[in-house]
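What follows is one structure encoded as structure tokens, with my remarks underneath.
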Amino acid sequence: MAATRIDGKALAAKLKENVRGEAASLPRKPGLAVILVGEDPASRVYVTSKRKDCEECGFYSEEYALPAQTTQKQLLELVAELNGRADIDGILVQLPLPKGLDEREVLLAIDPGKDVDCFHPYNVGQLTIGAPVFQPCTPGGVMEMLKEYRIDPAGKRCVVLGRSNIVGKPMALLLLHAHGTVVMCHSKTPDLKELAASADILVSAVGKTGLVTADMVKEGAVVIDVAMNRNGEGKLCGDVCFEEAAVKASYITPVPGGVGPMTRAMLMKNTLTAAKLHQGV
Ligand code: NAP
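The opening position of the sequence shown corresponds to residue 1389 in the working numbering, with each subsequent residue numbered one higher.
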């Protein structure tokens, strides 16, 4: 059986189109401020694509490219200023921050109502109790994909590889809230292969090329590859051995063109949500 390829690029374009439509009907354009500290080339690429997404969705956007020598105090002052701005609905601090800056303190300083990345403990708490204001972008994008392809996690065994605060943990929570039976795996999980092979829905968010081989995929499973790794030739790839896994899976996401574009689209959706809240719509 050849798996259906889940087209994240097409779905993200559709999602952004809907966001654009809704944004156009608001009294004021949604506004997103993106802060980049230092010269990390990958972060630079992400920030540029966020600006492009804002243009596509008809948002107002501001970008702050700060030098690596920026102090914690300067960064906190900028966040405080943006918290107070009526035209800014979302504030995103591009991670990772350069060494010497306290990421946790910076994320805590963002007004939870403008925390469109859903990293603030308030929003993480809301997510945990099943009442999220914002959807965490990457796991939220995965849930949108499942919905689009009519894949219902209810009653399914969902195995999540990776337990980071950004992907693994919120992914597990969203699947749990959708009534999946969730198993979380990490670097200390001894029987990873067997657990993965028992999954109806397998989500890999580890960051290790070639980790998920065909023997870890159950016949008919849905395989979601969150990872964005570089192979030996510098090409973007995921954790899953795509060709061999696709022979057994029922649905599978490619890398690139799978979860990545959905993450970006979800950031736009969250900024729209924040703008609606701020404008009382
Ligand atoms: P991370 O913070 O490095 O977390 C990786 C997780 O994988 C950790 O929980 C770690 O376990 C676990 N792990 C490491 N080796 C393992 C192994 N051999 N077997 C099982 N689990 C193992 O990474 P992240 O930020 O969650 O990102 C994960 C991947 O997703 C990366 O490739 C990243 O680039 C990608 N990503 C993609 C998007 C997107 O939009 N598509 C967004 C964010 C991240 P421990 O906790 O025990 O260390």
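Note that beta-carbon positions come from the ideal geometry of N, C-alpha and C, so glycine has one too. Predicted model only: the values in this text are computed from it and were never measured.
* Would you call the CB atoms of Lys1502 and Ile1479 closer than 9 angstroms? -> yes
* To do: Leaving out five residues on either side along the sequence, give the residues of the same chain with a beta carbon under 7 angstroms from the beta carbon of Ala1653.
  => Ala1400, Leu1403, Lys1404, Gly1529
* Asked: Any idea what DSSP makes of Val1571, helix, strand or coil?
  -> strand
* Report the option in Gly1595, Glu1450, Asp1499, Pro1541 whose CA atom is closest to the CA atom of Val1521. => Asp1499
* Would you be able to state if there are at least three C-beta pairs under 8 angstroms between the region 1537–1546 and the region 1566–1582? => Short answer: they touch.
* Asked: Using a Cβ-Cβ cut-off of 7 angstroms (strictly less than) and excluding sequence neighbours within five positions of Ala1391, which residues of its own chain qualify?
  -> Ala1634, Ala1637, Ser1638, Tyr1639, Ile1640
* Asked: So is Ser1575 buried or exposed if we call it buried at 16+ other beta carbons inside 10 Å?
  -> exposed
* **N-terminal and C-terminal residue of the beta strand (DSSP E) that Ala1421 is part of** => 1419–1425
* From Leu1599, Gly1648, Lys1606, pick the residue whose C-alpha is nearest to that of Met1533; which is it? -> Gly1648
* Asked: Would you say the beta carbon of Ala1593 comes nearer than 8 angstroms to a heavy atom of ligand 1?
  -> Yes, the beta carbon of Ala1593 sits closer than 8 angstroms to at least one heavy atom of ligand 1.
* For Ala1519, count neighbouring C-beta atoms within 10 Å of its own C-beta (all shown protein chains included) and say buried if the count is 16 or more, exposed if not. => Taking all protein chains shown into account, Ala1519 has fewer than 16 neighbouring C-beta atoms within 10 Å of its C-beta and is therefore exposed.
* Contacting residues, own chain, Cβ-Cβ under 6 angstroms from Cys1625 (five flanking each side not counted) -> Thr1597, Asn1617, Asn1619, Val1643
* To do: May I ask you to verify whether the region 1416–1432 touches the region 1482–1497, counting CB pairs closer than 8 angstroms and requiring at least 3?
  => Yes, the region 1416–1432 is in contact with the region 1482–1497.
* Asked: Do the CB positions of Thr1659 and Pro1418 come within less than 9 angstroms of each other?
  -> yes
* Asked: With a Cβ-Cβ cutoff of 9 angstroms, do Ala1585 and Ser1552 count as a contact?
  -> no
* Going along the chain, which residues of its own chain have a beta-carbon closer than 6 angstroms to the beta-carbon of Gln1514, five neighbours each way excluded? -> Non-local C-beta neighbours of Gln1514 in its own chain, meaning closer than 6 angstroms and more than five positions away in sequence, comprise Pro1520, Val1521, ordered along the chain.
* Backbone secondary structure at Ser1449 - three-state DSSP -> strand
* Could you tell me whether the Cβ atoms of Asp1477 and Gly1645 are closer together than 9 angstroms? => Gly1645 is positioned such that its CB atom lies no closer than 9 angstroms to that of Asp1477.
* Cys1546 and Cys1525 look like a contact to me (Cβ under 8 angstroms); what is the Cβ gap, rounded to whole Å? -> With 8 angstroms as the limit, Cys1546 and Cys1525 do not qualify as a contact, their Cβ atoms being about 19 angstroms apart.
* Just mark Asp1613 as buried or exposed, buried being the case when its beta carbon has 16 or more other beta carbons within 10 Å. => buried
* Name the residue from Glu1450, Leu1549, Gly1595 whose alpha carbon lies nearest to the alpha carbon of Lys1581. => Leu1549
* Other residues of its chain near Pro1527: CB distance less than 6 angstroms, five sequence neighbours each side excluded -> Excluding residues within five positions, the ones whose Cβ falls inside 6 angstroms are Pro1558, Met1559, Leu1562.
* Should Met1650 be counted as a contact of ligand 1 given a C-beta to heavy atom distance under 8 angstroms? -> Yes - ligand 1 has a heavy atom lying nearer than 8 angstroms to the Cβ of Met1650.
* **Where Arg1473 falls: helix, strand or coil (DSSP)** => coil
* Asked: So Ala1456 and Val1425 are in contact, right, with Cβ under 8 angstroms, and what is the actual spacing, rounded?
  -> 7 angstroms
* Gly1608 to Glu1491, Cα distance in whole Å? -> 41 angstroms
* Asked: Using a Cβ-Cβ cut-off of 8 angstroms (strictly less than) and excluding sequence neighbours within five positions of Tyr1346, which residues of its own chain qualify?
  -> Only positions 1389 to 1669 of the chain appear in the structure, and residue 1346 is not among them; the question remains open.
* For Thr1392, which three-state DSSP category applies? -> Three-state result, Thr1392: strand.
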